[in-house]
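S.K.: Chains as they are written, first to last, in this note's numbering: chain A, 23 to 229; chain C, 23 to 229.
Cβ coordinates follow ideal geometry from the N, Cα and C atoms, glycine included.
Protein chains: 2
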Amino acid sequence: MARKPLTNPRKSASQERSRATVDALVEATARILVRDGFDKASTNRIAAEAGVSIGSLYQYYPCKEALVAAVIDRHNQDIMQVVRGAFAEVAVESVESAARKLIAVAIEAHRIDPKLHRVLAEQIPRTGRLKDVEAFNREAHTLFKGYLESHRNELRVADPGLAAFVCVTSIEALAHTAVLRNSEKLSSEAAEALIDEATRLVVGYLK
Amino acid sequence: MARKPLTNPRKSASQERSRATVDALVEATARILVRDGFDKASTNRIAAEAGVSIGSLYQYYPCKEALVAAVIDRHNQDIMQVVRGAFAEVAVESVESAARKLIAVAIEAHRIDPKLHRVLAEQIPRTGRLKDVEAFNREAHTLFKGYLESHRNELRVADPGLAAFVCVTSIEALAHTAVLRNSEKLSSEAAEALIDEATRLVVGYLK
DNA sequence: ACATAATGCGAGCGATAGCTCACAATTGTC
DNA sequence: GACAATTGTGAGCTATCGCTCGCATTATGT
């Protein structure tokens, strides 16, 4: 006996049919963001692109930001899965090979969906979802700090927190800038050269 | 004998009076961007804030983006003036002191008007003025490359262009992130510690 | 088969955006 | 003081936005 049968989005979809609707909406949002940009991603347009009525959209997402946030979350999950895997793989390796692998993975992660990544990076501030991305950054930061602490004997690092900030920020910026500047792709030779340089940068700094 | 007396913005203001109007518009835009954010910066609001009618606004700026672009240009000029000065000052200094000064200046430059810088950094993609900012980056890049080439004997740098990319990108990201993350300011001790670390990072990489 | 809940629909509302245009006021020139 | 150029004005147009709501359709349970 629902008191407010239609107000407030229903949030959860129980049947199979509605899950498809939700997926279609998120995918349509991502597609429009990539193809037309954030400003063109109106709720009416998203609903049309998803082949769903505007009314249905508002049953599952309370506002436009919520839709973009869903896209952001999905993209972040995709990236963090790769990053977490890399840190696990690298935990007991030497600084050189660990740094090299992590840098390679950072570049790889930025290439998962570069056009979407670019739009999201540009538009995240407007969605109020900065907090989520900061949480993501904090996790990368924490993972890196963990590595530094467990390899402290091989390194000369006074403050692992600060060192992790310096390394993560630099690696992220290099990967981000390189991928976005070079028209959404890097030639494999250029990528190799960049990995070499970035590895020298952080290894030289850490020991 | 103007054929189109009122169509197409007049672009140039000849009298004293109209220069004041143009300045008031740019300053009002910056003020609103900082105080209320990009989305609230409607043309009607900017005109009101400037104490100017909406009609006058459209005599000098063809659209909202042009106004924001004017703010961006002004801010970039402010920053580049500091940066150019630093490179001139540092041209004949050792790598250590050069790197240290440039890093300090990068942080300083980000502190010129952090709130405006943040808004602009977030909203530049929407203004179509990415090209201008890329030109700005390219200049920093070129200046750094020039330093590396003229100090090649003291360094071990195979590709000055690539090395400049690595250094400029890292320094910019560290300064940017540090200034924006720490609620628009850095304690002077924290800034010193960051300068020390960043200096070690780039000096260790360059030689 | 029927009742009930879950899901889907889309015309249209109010708000606000960017922007135009016919006109008023000010300034420069003689 | 007269006349034209320059500059300033703001009501209001059109377009689009986010979003609502009453109702239609589909699925579930019995």
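In chain C, what lies closer than 7 Å to Arg222/A by C-beta?
M.R.: The residue you call residue 222/A lines up with position 200 of the first sequence. The contacting residues are Tyr227.
S.K.: Are the C-beta of Ala52/C and some C-beta of chain A separated by less than 9 Å?
M.R.: By 1-based counting over the second sequence, the position of residue 52/C is 30. By this cut-off, Ala52/C is not an interface position.
S.K.: Which term fits Ala231/C, buried or exposed, when burial requires 16 or more other beta carbons within 10 angstroms of its beta carbon?
M.R.: The shown model of chain C, from 23 to 229, leaves out residue 231/C, and the question about it has no answer.
S.K.: Suppose you measure from the CA of Leu124/A to the CA of Thr164/C; what does that come to, to the nearest Å?
M.R.: For the purposes of this step, residue 124/A is taken as residue 102 along the first sequence, with counting starting at 1. For the purposes of this step, residue 164/C is taken as residue 142 along the second sequence, with counting starting at 1. Taking the straight line from one Cα to the other gives about 29 Å.
S.K.: Classify Gln99/A as helix, strand or coil using the three-state DSSP reduction.
M.R.: Stepping through the first sequence from its first residue, residue 99/A is reached at position 77. Helix, per DSSP.
S.K.: In this structure, does DSSP put His173/C in helix, strand or coil?
M.R.: Here residue 173/C corresponds to residue number 151 of the second sequence, with the count starting at 1. Reduced to three states, the DSSP call for His173/C is coil.
S.K.: Alpha carbon to alpha carbon, what distance is there between Glu214/C and Arg122/C?
M.R.: Numbered from its first residue, the second sequence carries residue 122/C at position 100. Numbered from its first residue, the second sequence carries residue 214/C at position 192. One C-alpha to the other measures close to 10 Å.
S.K.: Is it right to say Ala131/C is buried, meaning 16 or more other beta carbons lie within 10 angstroms of its own, or is it exposed?
M.R.: Indexing the second sequence from 1 puts residue 131/C at position 109. Looking at its Cβ environment, which holds 16 or more other Cβ atoms inside 10 Å, Ala131/C is buried.
S.K.: Return no unless some Cβ of chain A is closer than 9 Å to the Cβ of Phe158/C.
M.R.: Residue 158/C sits at position 136 when you count from the first residue of the second sequence. No, Phe158/C does not count as interfacial toward chain A.
S.K.: Give a yes or no on whether 9 Å exceeds the smallest Cβ distance from Asp58/C to chain A.
M.R.: If you number the second sequence from 1, residue 58/C lands on position 36. So no, Asp58/C is outside the interface.
S.K.: Quick one: what's got a C-beta closer than 7 Å to Val127/C's C-beta in the same chain, skipping five residues either side?
M.R.: On the second sequence, position 105 is the one that residue 127/C refers to. Same-chain partners within the cutoff: Val104, Val105 and Ala108.
S.K.: List the residues of chain C that Ala195/A touches, going by C-beta distances under 9 Å, in chain order.
M.R.: Stepping through the first sequence from its first residue, residue 195/A is reached at position 173. Correct list: Thr191, Ser192, Glu194, Ala195, Leu196, His198 and Thr199.
S.K.: Write down the C-beta distance between Val188/A and Tyr227/A rounded to the nearest angstrom, noting that I regard them as a contact closer than 8 Å.
M.R.: Sequence index remark: in the first sequence, residue 188/A carries index 166 (1-based). Sequence index remark: in the first sequence, residue 227/A carries index 205 (1-based). Contact holds; Cβ gap of about 7 Å.
S.K.: Output needed for Arg178/A: all residues of its chain with C-beta closer than 6 Å, excluding positions within five of it in sequence on either side, in chain order.
M.R.: If you number the first sequence from 1, residue 178/A lands on position 156. Same-chain partners within the cutoff: Lys229.
S.K.: Applying a beta-carbon distance threshold of less than 7 Å, which residues of chain C neighbour Glu144/A?
M.R.: Indexing the first sequence from 1 puts residue 144/A at position 122. Here the neighbours are Pro147.
S.K.: Does the pairing of the segment 81 to 95 of chain C with the segment 145 to 159 of chain C give three or more beta-carbon distances under 8 Å?
M.R.: Yes: the two stretches touch, three or more of their Cβ pairs being nearer than 8 Å.
S.K.: At what residues does the alpha helix (DSSP H) containing Val190/A begin and finish?
M.R.: Along the first sequence, one-based indexing puts residue 190/A at 168. From DSSP, the alpha helix (DSSP H) with Val190/A extends over Pro182 to Arg203.
S.K.: With a threshold of 6 Å on Cβ separation, who are the neighbours of Leu55/C within its own chain once the five nearest residues in sequence on each side are excluded?
M.R.: Residue 55/C sits at position 33 when you count from the first residue of the second sequence. Hits under 6 Å: Ala63 and Val141.
S.K.: So, does the CB of Val188/C fall closer than 9 Å to a CB anywhere in chain A?
M.R.: Working through the second sequence from its first residue, we reach residue 188/C at position 166. It does: the Cβ of Val188/C has a partner Cβ on chain A nearer than 9 Å.
S.K.: Could you name the residues of the segment 89 to 113 of chain C whose beta carbon sits closer than 8 Å to any beta carbon of chain A, in the order they occur along the chain?
M.R.: none
S.K.: Could you name the residues of chain C that Asp267/A contacts, counting a contact when the two beta carbons are closer than 8 Å?
M.R.: Since the first and last residues shown for chain A are 23 and 229, residue 267/A lies out of range.
S.K.: Could you give the uninterrupted runs of the alpha helix (DSSP H) lying entirely in the segment 46 to 117 of chain A, keeping only those of 4 residues or more?
M.R.: 65 to 72, 76 to 82 and 86 to 112
S.K.: In three-state terms, what does DSSP make of Gln37/A?
M.R.: Here residue 37/A refers to the residue found at position 15 of the first sequence. Three-state result, Gln37/A: coil.
S.K.: Of all the CB atoms in chain C, is at least one closer than 9 Å to the CB of Ala162/A?
M.R.: Sequence index remark: in the first sequence, residue 162/A carries index 140 (1-based). Output row for Ala162/A: interface = no.
S.K.: In or out: Val74/A buried (at least 16 other Cβ within 10 Å) or exposed?
M.R.: Sequence index remark: in the first sequence, residue 74/A carries index 52 (1-based). Label assigned to Val74/A: buried.
S.K.: Taking the alpha-carbon of Glu49/A as reference, which of Gly59/A, Phe60/A, Glu71/A and Glu38/A has the nearest alpha-carbon?
M.R.: Numbered from 1 along the first sequence, position 27 holds the residue referred to as residue 49/A. The shortest Cα separation from Glu49/A among Gly59/A, Phe60/A, Glu71/A and Glu38/A belongs to Glu71/A.
S.K.: Quick one: give me the first and last residue of the alpha helix (DSSP H) that Gly226/C is part of.
M.R.: The residue you call residue 226/C lines up with position 204 of the second sequence. Unbroken alpha helix (DSSP H) run through Gly226/C: Ser210 to Leu228.
S.K.: Starting from Gly148/A, follow the alpha helix (DSSP H) in both directions and report where the run begins and ends.
M.R.: Residue numbering aside, residue 148/A sits at position 126 when the first sequence is read from its first letter. Per the sequence shown, the amino acid found at residue 148/A is Arg instead of Gly. Segment Pro136 to Thr149, the alpha helix (DSSP H) holding Arg148/A.
S.K.: Hey, how far is the Cα of Ile18/C from the Cα of Ile134/C?
M.R.: There is simply no residue 18/C to check, as chain C begins at 23 and stops at 229 in what is shown.
S.K.: Take Gln145/C and list the residues in its own chain whose beta-carbon comes closer than 8 Å to its own, dropping the five residues that flank it on each side.
M.R.: Translated into positions along the second sequence, residue 145/C becomes position 123. For Gln145/C, where only same-chain residues beyond five positions count, the Cβ hits under 8 Å are Leu55, Phe60 and Val90.
S.K.: Report all residues from its chain with a CB closer than 8 Å to the CB of Ala66/C; omit the five preceding and five following residues, and keep chain order.
M.R.: Taking the first residue of the second sequence as 1, we reach residue 66/C at position 44. Ala is not the amino acid found at residue 66/C; the sequence shown has Asn there. Taken in chain order, the residues that qualify are Ile76.
S.K.: Does any residue of chain A have a CB that is nearer than 9 Å to the CB of Glu219/C?
M.R.: Position 197 of the second sequence holds residue 219/C. Chain A, which has a Cβ nearer than 9 Å to the Cβ of Glu219/C, makes this yes.
S.K.: Using only CA atoms, which one of Ala69/A, His97/A, Arg96/A and Asn98/A lies nearest to Cys85/A?
M.R.: One-based indexing of the first sequence puts residue 85/A at position 63. Of the listed residues, the one whose Cα sits closest to Cys85/A is Ala69/A.
S.K.: For chain C, is any of its Cβ atoms less than 9 Å away from the one on Leu138/A?
M.R.: By one-based count along the first sequence, residue 138/A stands at place 116. Cβ-Cβ to chain C under 9 Å: no for Leu138/A.
S.K.: Whose Cβ in chain C lies nearer than 7 Å to the Cβ of Leu184/A?
M.R.: Taking the first sequence and counting its residues from 1, the one referred to as residue 184/A is at position 162. Those within 7 Å of Leu184/A in chain C are Ala215 and Glu219.
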